[in-house]
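Number of protein chains: 2
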Amino acid sequence: MRKKPMVQETAESLAGRQREISVSEFFLKNRHLLGFDNPRKALMTTVKEAVDNALDACEEAGILPQISVEIQQTADTRFRVSITDNGPGIVRAQIPKIFAKLLYGSKFHRLRMSRGQQGIGISAAGMYGQLTTGTSTRILSRTKGSKTAHAIDVQIDTRKNMPTILKDEESDWHPVFYQAAIDGKPVEPVTAKSGTCVTIEMEAAYVRGRLSVDEYLKQCAVVNPHLQLHYRIVLTRAAARDEEEGRKGSKAKAAAAEVAEEPAPGNDVPWTTFLRATNQVPDQPQEIKPHPHGVELGMLMQMLKNSPARTVRAALSQDFSRVSEKTALEICERAKLNPKANPTRIAHQESEALFKAIAETKLMRPPMDCLSPIGEAAIEAGLRKEIVADFYTAVTRSPTVYRGNPFLVEAGLAYAKPGDNADLTAEEPIRLMRFANRVPLLYMAGACSMNKAAASVNWKAYGLSQPRGSLPLGPMVLMVHIASVWVPFTSESKEAVAHYPEIIKELAFCLQECGRRLSVFLHKRQRLAEADRKRQYMELYIPHLALGLKDILDLKDRDEQALVKQLHTLLERTHLET
Amino acid sequence: MRKKPMVQETAESLAGRQREISVSEFFLKNRHLLGFDNPRKALMTTVKEAVDNALDACEEAGILPQISVEIQQTADTRFRVSITDNGPGIVRAQIPKIFAKLLYGSKFHRLRMSRGQQGIGISAAGMYGQLTTGTSTRILSRTKGSKTAHAIDVQIDTRKNMPTILKDEESDWHPVFYQAAIDGKPVEPVTAKSGTCVTIEMEAAYVRGRLSVDEYLKQCAVVNPHLQLHYRIVLTRAAARDEEEGRKGSKAKAAAAEVAEEPAPGNDVPWTTFLRATNQVPDQPQEIKPHPHGVELGMLMQMLKNSPARTVRAALSQDFSRVSEKTALEICERAKLNPKANPTRIAHQESEALFKAIAETKLMRPPMDCLSPIGEAAIEAGLRKEIVADFYTAVTRSPTVYRGNPFLVEAGLAYAKPGDNADLTAEEPIRLMRFANRVPLLYMAGACSMNKAAASVNWKAYGLSQPRGSLPLGPMVLMVHIASVWVPFTSESKEAVAHYPEIIKELAFCLQECGRRLSVFLHKRQRLAEADRKRQYMELYIPHLALGLKDILDLKDRDEQALVKQLHTLLERTHLET
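Those protein sequence lines, which keep their order, are chains U and C.
If you're matching positions, the first sequence starts at 1 in the working numbering and goes up one per residue.
If you're matching positions, the second sequence starts at 579 in the working numbering and goes up one per residue.
Pasting the structure below:
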């Protein structure tokens, strides 16, 4: 084969080929960054993005969430995923952009804890469906009080990162939730006044296990006890048969899915329902303003430039948290800056002085009501509900700050008696369940700071064995949660938390406290076992002892019996004191 | 503190807060995704992005690259970084967008091996500088034959992801390269006819070691033997003193940087130069078209819709690689589609049929001249130049394909005799050097498929000890390179290669071949050592043997001497035969 002649570029020829890359094109090519690297993960990511959005919307509107997840296999490697919620619904004009434009949303520009934060997820799922099957994303949405619902089909124009609307109709759709039968008795479906249903068809694969949709939904129900979740997966007949055989073979328990004989819609595959454990919507976290100590010089300059305030002093006290009028004045004085200066006309030098002055000024920590922890009681209850174990504990740390962003960590631990729980063995690494802003994280554990923190703790000190630099071994489940106004994920797929030293430190403290409590329990159990062993040993000898004493002291039979009793009482007392 | 009343959102109130997020805003908040998570890494990432661009530009223009990297400390935690190249220069109109707009460039939309691929890096570095110091990116550029150079200062308007030009002047600047003295004799600086210089000031930290700018540049010179690289770092007086003390204390060798007494520009800190080892610019890889087997249904539909061809048959043969007119016809027939149909008007069903037909058609693998491997000879030479060792080998695999993208892997290995190389010990894990498209990867080794592949190989079979699931131990450097038209990185900072099974498999094969060669060497060395030991033992006894024989056979002294000689010869021969 003859080699083509080499083209030598010049500045001009290169210039002709420079062009803008739309963010959709970028992520289409880099879809593994968004959690669409393989068919199995694609299914989980899609469900996750839709459920996260549904939960956020319900909570913001103060609605007790009811969510239904239906997965229908349409061909060997194709699935149609529908997620319905009873949230506030979405106004018509916003629907196309929310579902078919990357980087669009309401959560990015505010500092408040929420599951979604990027405005990428659900549009990316739709884009993946479109890429692999050529189909559109279908949205049904009804807002409260409106007479009809909207039914809209959209695709992404990836070159422009803009929605293309393929269908836009009025519809009399209502969100309906089918519940699993209780004690064999069917439960009437519930219809909500408002809500949204999104349907995406995509190339995917359904595999049970630790990285499956089932697992994601189960964990989701644990950390969201106010959520009522309905779920079913309808496989094609062929796949169902394979599943059934595989299940019998491996004796794996069916987590939630059921098997259909007919893959047609309207079939009667039953639903699985995770009932809610509380009727209380969690406290809505408050939105906060940026804390001055977390703002870089360039950001400060931009904020001043865009400030609606008339004076620097006002800008400082209004645009930032924890800066009172008085503190603002103090900062201006320290920076030798006229507090009445127009913030939009501050020179570079003056901003630098201001930046330095802020760094030198003591300020209160950011307000913490922007965070909504799960809480120690709820974590422990969740673990008790899901995991058979011997010892449970949970720790919620006080909030603190990384890069100006408030965050807190909490952890829970369930330790089983070896042999009590078939899923947990003493020889294997403990099971680590990770959560960020109440969202379960299943993938990329190795890259997560939670894993790193758990491996960095010296668990040997708490009675567990631990290979160097790894997770400890033992029949234990460890649950870790981080709540923040901005969780720093290692990638757009939001599966692992980045290694900020402040976060790792907090995690380690939290896990150490759990470890100490475990250690107390294990010690006590060990001591009790030891004492029990001794006691049984002693009990064996009490009659002989009594007999001996009787001989020596020349006692009566009655006295001997009394002596045995006394000795038993003595033993009992000693035992209790240990 | 009284709790603020809870705001309950409605569909309408939520709609009011939905808005577009610019890609700059996104990455500003998520800057750890781009490699700007800490000050030390920020410095390395900036140098890396600028050097990568410079090398790409030089190679595309067929220019032997000459690059100078100057880092000047301006305050305790502030550095000014300047990178100058002798590339083709950049036309004025393109400069602002190339340096102050994320997702802009010439490399994203083509399938060709290059260092840059996203159009993010250098603008992100500028954005980071702007964020942390409020300064602008300064670009000087001169194209060949133009009378003047352009001097442009830009910042990013992060809300719009668009450049703001702060200064735009003509200048008589020429790219100048200062070289290190040779044998103490100063070398005259060289002036190039065209080139670009970019200067960014940022919050950063300079720390030597495995993750430093020094290491990056050193490795860069190794895999780019056609590059002449000049480097110096000018520290402030205080930092220089600390450095000096630290260096004396730890006895660390000064890699490249020198210490200034005066931090002012124009100082006389000498340059370090990595001289080029060859005057041959590497073969320019060819641009290719997408391979039909790597294209998903949705992408196929979009390509047909946008095709300039008039018929489906022509579209297939012109827009894809490895599809001849004849094959195109065959595909159309298999899909029961009129080959003369207009490709822009294909229905969904027809596209699906076409997609299936393509999958069922046998096609040649994608052309491989889009890849430019380093080559076994160059890898081995690079290792010999940099690492004192006993055994060197290198393997370049044939190209293959993941997701339709051609790629190839190559690896080299340097094994030192224990004790010969102070940097390499038998007890520690081997050192793994990773490269992608000739760019050294320093960070995030744990997340990289190269690490995974190296740990998955059974090195015990090749004579090394290896903890389970980890890198082997031993005095060894392993160099791994992947070349592809699209390297799938795990994040935008391009530090680790994603876990595509095809890639891991190729890497493992490549490393196994290196391992086998190492094993042959180690076996031979062991056998030789064994034989040597035996020989020395025998030699000790030859005189006694001869004396004994002399007594028994009643020989003369002369005969005895001849006998000793004969015995020695015999031993020699036996030794050589082993």
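Note that beta-carbon positions come from the ideal geometry of N, C-alpha and C, so glycine has one too.
Chain C contacts from the stretch 298-315 of chain U (Cβ-Cβ distance under 7 Å)
Near chain C, meaning a CB-to-CB distance below 7 Å, the residues of the stretch 298-315 of chain U are G298, M299, M301.
On the DSSP letters alone, give me the boundaries of the alpha helix (DSSP H) that C:G707 sits inside.
Per DSSP, the unbroken alpha helix (DSSP H) holding C:G707 starts and ends at 699-711.
Can a CB atom of chain C be found closer than 7 Å to the CB of U:G62?
yes
I'd like to know whether the C-beta of U:G581 is nearer than 7 Å to at least one C-beta of chain C.
Residue 581 of chain U is absent from the structure shown; chain U starts at 1 and stops at 578.
Quick one: residues in its chain with C-beta nearer than 7 Å to the C-beta of U:F148, no 5 flanking neighbours on either side, listed in chain order?
In the sequence as presented, Phe is not what sits at residue 148 of chain U; that position holds Thr. Taken in chain order, the residues that qualify are E170, S171, D172.
Outcome for U:I90 when other beta-carbon atoms lying within 10 angstroms are tallied against a minimum of 16
buried
C:R1104 to C:S1097 span [Cα, whole Å]:
Contrary to the premise, residue 1104 of chain C reads as Gln rather than Arg in this sequence. Whole-angstrom Cα-Cα distance: 10 Å.
Cβ atoms of C:E648 and C:R810: under 7 Å apart, would you say?
Against a cut-off of 7 Å, the Cβ pair of C:E648 and C:R810 comes out as a contact.
Member of U:K362, U:D319, U:R310 whose CA lies at the smallest distance from the CA of U:R334
U:K362
Own chain, CB closer than 6 Å to U:K4, minus 5 neighbours either side, in chain order
With a pLDDT of 48 at U:K4, under the threshold of 50, the predicted position of this residue should be treated as unreliable, though the coordinate-derived value follows. Spatial neighbours of U:K4 in its own chain (CB-CB distance under 6 Å, excluding positions within 5 residues in sequence) are not present.
7 Å Cβ cutoff, U:Q73 in contact with chain C:
no
Near-chain U residues of the stretch 1027-1050 of chain C (beta-carbon distance less than 8 Å), N- to C-terminal order
none
Can you tell which of U:A389, U:E330, U:A151, U:S136 has its C-alpha closest to the C-alpha of U:T425?
U:A389
Going by the CB atoms, is the gap between U:S449 and U:I504 shorter than 7 Å?
Yes. Within cutoff.
Can you list, in chain order, the stretches of the beta strand (DSSP E) that have 3 or more residues and sit fully within the stretch 792-816 of chain C?
If one requires a minimum length of 3 residues, the beta strand (DSSP E) runs lying completely within the stretch 792-816 of chain C are 806-812, in chain order.
May I ask you to list, following chain order, the residues of the stretch 143-165 of chain U that have a beta carbon less than 8 Å from some beta carbon of chain C?
T143, K144, T158
Given that C:A1076 touches chain U, what residues does it touch there, using C-beta distances under 8 Å?
H32, D37
So what does DSSP say about C:S828, is it helix, strand or coil?
With a pLDDT of 47 at C:S828, under the threshold of 50, the modelled position of that residue is not reliable, and the figure given next carries that caveat. It is helical.
Residues of the stretch 972-1003 of chain C in Cβ contact with chain U at a cutoff of 9 Å, in chain order, please.
none
Pick out whichever of U:A454, U:Q8, U:A483, U:I346 has its Cα sitting closest to the Cα of U:S114.
U:A483
Can you find a C-beta in chain U that's less than 7 Å from the C-beta of C:I1060?
No, C:I1060 does not count as interfacial toward chain U.
Starting from the C-beta of U:I152, find all residues in its chain whose C-beta is less than 6 Å away, skip the five residues before and the five after it, and write them out in chain order.
I95, I139, D168
Contact between the stretch 451-471 of chain U and the stretch 337-353 of chain U (3+ Cβ pairs under 8 Å)
no
Alpha-carbon spacing of U:E330 relative to U:F355, whole angstroms
13 Å
U:N405 - DSSP class collapsed to helix/strand/coil:
strand
Establish whether the CB of C:A919 and some CB of chain U are separated by less than 7 Å.
no
Compare the C-beta of C:Y970 against all C-beta atoms of chain U and say whether one is closer than 7 Å.
no
Let me make sure I understand the geometry here. Which of C:L621, C:E638, C:G712 has the alpha-carbon closest to that of U:Q302?
Across the set C:L621, C:E638, C:G712, the C-alpha of C:G712 shows the shortest separation from the C-alpha of U:Q302.
Once DSSP output is grouped into helix, strand and coil, what is the label at U:A445?
The answer is helix: DSSP assigns U:A445 an H, G or I state.
Could you say if the stretch 616-629 of chain C and the stretch 790-797 of chain C meet the contact criterion of at least three C-beta pairs nearer than 8 Å?
Cβ pair count under 8 Å is three or more, so yes.
Where U:F432 sits in the DSSP three-state scheme:
The sequence shown places Leu at residue 432 of chain U, rather than the Phe named in the question. Strand, per DSSP.
Measuring CA to CA, which of U:L383, U:G404, U:Y402, U:V401 is closest to U:A394?
U:L383
If you drop the 5 nearest sequence neighbours on each side, which residues of the same chain put their C-beta closer than 7 Å to that of U:P475?
Excluding its 5 nearest sequence neighbours in each direction, U:P475 has C-beta neighbours in its own chain below 7 Å: Y415, A416, P418, N421, L424, T425, A426, listed in chain order.
Decide if C:A834 is buried, meaning its Cβ has at least 16 other Cβ atoms within 10 Å, or exposed.
In this predicted model, C:A834 has a pLDDT of only 37, less than 50, meaning its place in the structure is not dependable; the value taken from the coordinates is given anyway. Result: buried.
From the beta carbon of U:F26, is the nearest beta carbon of chain C less than 7 Å away?
Interface residue, yes.
So with CB distances below 8 Å, who are the chain C contacts of U:K362?
In chain order: nothing, as chain C lies at least about 20 Å away.
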